[in-house]
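Undergrad: Residue numbers (the UniProt record's numbering), protein chains in the order written: chain F, 1 to 145; chain R, 1 to 145.
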DNA sequence: CATTATTCAGACAATTTTATCCGAAATAAA
DNA sequence: TTTATTTCGGATAAAATTGTCTGAATAATG
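Structural data, given as structure tokens:
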């Protein structure tokens with residue numbers, strides 16, 4: 001059941017690490033994040049370039065450079081990250097793959113699937129990085145392998 | 001949002017076509033099904049071999065051979081097809097990809113995701129081919145591109 | 001100015017998924 | 001008994017996703 005690509009999974013985990021482990025300085029280096037959450041530096045760099053292009057991160061090159069959130073963590077919702085990395089049509093797809101599945105021409109499981117997607121969307125839209133970071137900091141929950 | 005592989009999507013659609021278009025004779029040919037729902041004969045053959053191996057279908061070779069449901073359509077649930085084609089660990093995976101995510105060592109979105117998976121599982125376990133076939137036959141719903 | 005640390009850009013490779021194809025085996029029908 | 005039809009098994013190819021690597025651009029610091 002692969003609801004999110006590896007790219008999104010890594011991206012969300014990396015952003016949560018950033019928020020949960022503020023570095024004191026403005027920017028945090030990609031290398032440090034990759035090391036801490038145990039994933040490929042180069043792959044994470046690619047993901048963060050995308051998030052920078054989509055306006056979720058700022059970046060700054062050179063020594064003491066790195067990346068930083070473009071908005072307060074309380075204003076970045078999971079759905080923003082998913083849309084940035086999976087595309088804005090993320091919630092538009094039919095469970096059975098029928099093109100143009102919708103109210104007018106529904107597939108056999110359309111109504112059910114519409115409800116599931118709605119629930120997921122509501123939850124991802126209502127959950128901020130700040131919110132989840134608090135659960136991580138309080139050790140209610142884990143982020144590492 | 002790719003919840004089901006192409007394999008599962010095709011498999012479910014093909015089985016629904018079978019149930020909704022009984023052929024009179026005991027077996028229905030894979031070629032006919034592939035033609036009617038507009039997908040690759042060879043790919044569908046591969047999918048059906050798997051469903052036969054998993055006990056969801058019977059098959060019979062030779063002229064007037066083909067495949068047939070191994071049980072009444074009212075007893076084949078969507079979850080059976082998904083388990084057969086995606087694996088029995090289908091509902092075991094963490095949204096963020098953390099290995100061993102569960103009650104003891106949850107990821108930040110574990111509780112939410114557990115509920116979503118439960119809802120999906122309940123629905124797929126409660127929906128039979130017969131049930132959906134009735135919606136198709138009454139043209140409440142479509143199966144073709 | 002030289003060195004070092006960092007992101008940026010994109011080529012390349014590996015892996016997985018999806019799709020195509022061919023020949024063999026089975027079996028009904030001519 | 002021959003021929004036609006069908007599934008079976010697996011090799012191969014194509015496409016998408018995931019992961020690796022190299023060099024360039026940028027900027028702080030000695």
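Even glycine gets a Cβ: it sits at the ideal position worked out from N, Cα and C. Keep in mind that this is a model prediction, so the values were computed, not measured.
#1: Starting from residue 12 (chain R) and walking both ways along the beta strand (DSSP E), at which residues does that stretch end?
#2: Going by alpha carbons, who is nearest to residue 31 (chain R) out of R:119, R:44, R:19, R:20?
#3: Spell out whether any CB of chain F is found under 8 Å from the CB atom of residue 118 (chain R).
#4: Using a Cβ cut-off of 8 Å (strictly closer), state whether residue 93 (chain R) contacts chain F.
#5: Give the secondary structure of residue 23 (chain F) by DSSP, where H, G and I count as helix, E and B as strand, and everything else as coil.
#6: Taking the straight line between their C-alpha atoms, what separation do you get for residue 101 (chain R) and residue 57 (chain F)?
#7: Is it the case that the Cβ atoms of residue 51 (chain F) and residue 84 (chain F) are separated by a distance below 8 Å?
#8: Between F:87, F:129, F:96, which lies nearest to residue 173 (chain R) when the distance is taken from Cα to Cα?
#9: Cβ closer than 7 Å: which chain R residues qualify as neighbours of residue 37 (chain F)?
#10: Run down chain R in chain order and give the residues with a C-beta less than 8 Å from the C-beta of residue 105 (chain F).
#11: Decide if residue 126 (chain F) is buried, meaning its Cβ has at least 16 other Cβ atoms within 10 Å, or exposed.
#12: So, is residue 53 (chain R) buried or exposed, given that buried needs 16 or more other C-beta atoms within 10 angstroms?
#13: Nearest by alpha-carbon distance to residue 71 (chain R): which of R:55, R:92, R:64, R:99 is it?
#14: From the DSSP output, in three-state form, read off residue 65 (chain R) for me.
#15: Using a Cβ-Cβ cut-off of 8 Å, state whether residue 31 (chain F) counts as contacting chain R.
#16: In its own chain, which residues sit with a C-beta less than 8 Å from the C-beta of residue 8 (chain R), not counting the 5 before and 5 after it?
#17: From residue 144 (chain R) to residue 99 (chain F), what distance separates their C-alpha atoms?
#18: Among the candidates F:90, F:34, F:29, F:37, whose CA atom is the shortest distance from the CA of residue 63 (chain F)?
#19: Can you pull the chain F residues whose beta carbon is under 9 Å from the beta carbon of residue 3 (chain R), in chain order?
TA: Inspection of the coordinates gives the following:
#1: According to the DSSP assignment, residue 12 (chain R) belongs to no beta strand (DSSP E) but to the alpha helix (DSSP H) extending over 6-20.
#2: It is R:44 whose Cα lies nearest to the Cα of residue 31 (chain R).
#3: Not an interface residue.
#4: Answer yes: the Cβ-Cβ gap between residue 93 (chain R) and chain F drops below 8 Å somewhere.
#5: Residue 23 (chain F) falls in the coil class under three-state DSSP.
#6: Rounded to whole angstroms, residue 101 (chain R) to residue 57 (chain F) spans 28 Å at the Cα level.
#7: Cβ distance < 8 Å, so residue 51 (chain F) and residue 84 (chain F) count as in contact.
#8: Outside the displayed span of chain R (1 to 145) sits residue 173 (chain R), for which this structure offers no information.
#9: None at all; the shortest Cβ gap to chain R is about 10 Å.
#10: Against chain R, the beta carbon of residue 105 (chain F) has neighbours under 8 Å at 142, listed in chain order.
#11: Around the beta carbon of residue 126 (chain F), a 10 Å sphere encloses fewer than 16 other beta carbons of the protein chains shown; the residue is thus reported as exposed.
#12: Burial call: exposed.
#13: The option with the nearest alpha carbon to residue 71 (chain R) is R:55.
#14: Three-state DSSP puts residue 65 (chain R) in coil, outside helix and strand.
#15: Output row for residue 31 (chain F): interface = no.
#16: The beta carbon of residue 8 (chain R) lies closer than 8 Å to those of 81, 82, 85, 86 in the same chain, with the five residues before and after it left out.
#17: Inter-residue distance for residue 144 (chain R) and residue 99 (chain F) is about 9 Å (C-alpha atoms, whole angstroms).
#18: Closest by C-alpha distance to residue 63 (chain F), out of F:90, F:34, F:29, F:37, is F:29.
#19: Under the 9 Å cutoff, chain F gives 1, 2, 3, 93, 95, 113, 116.
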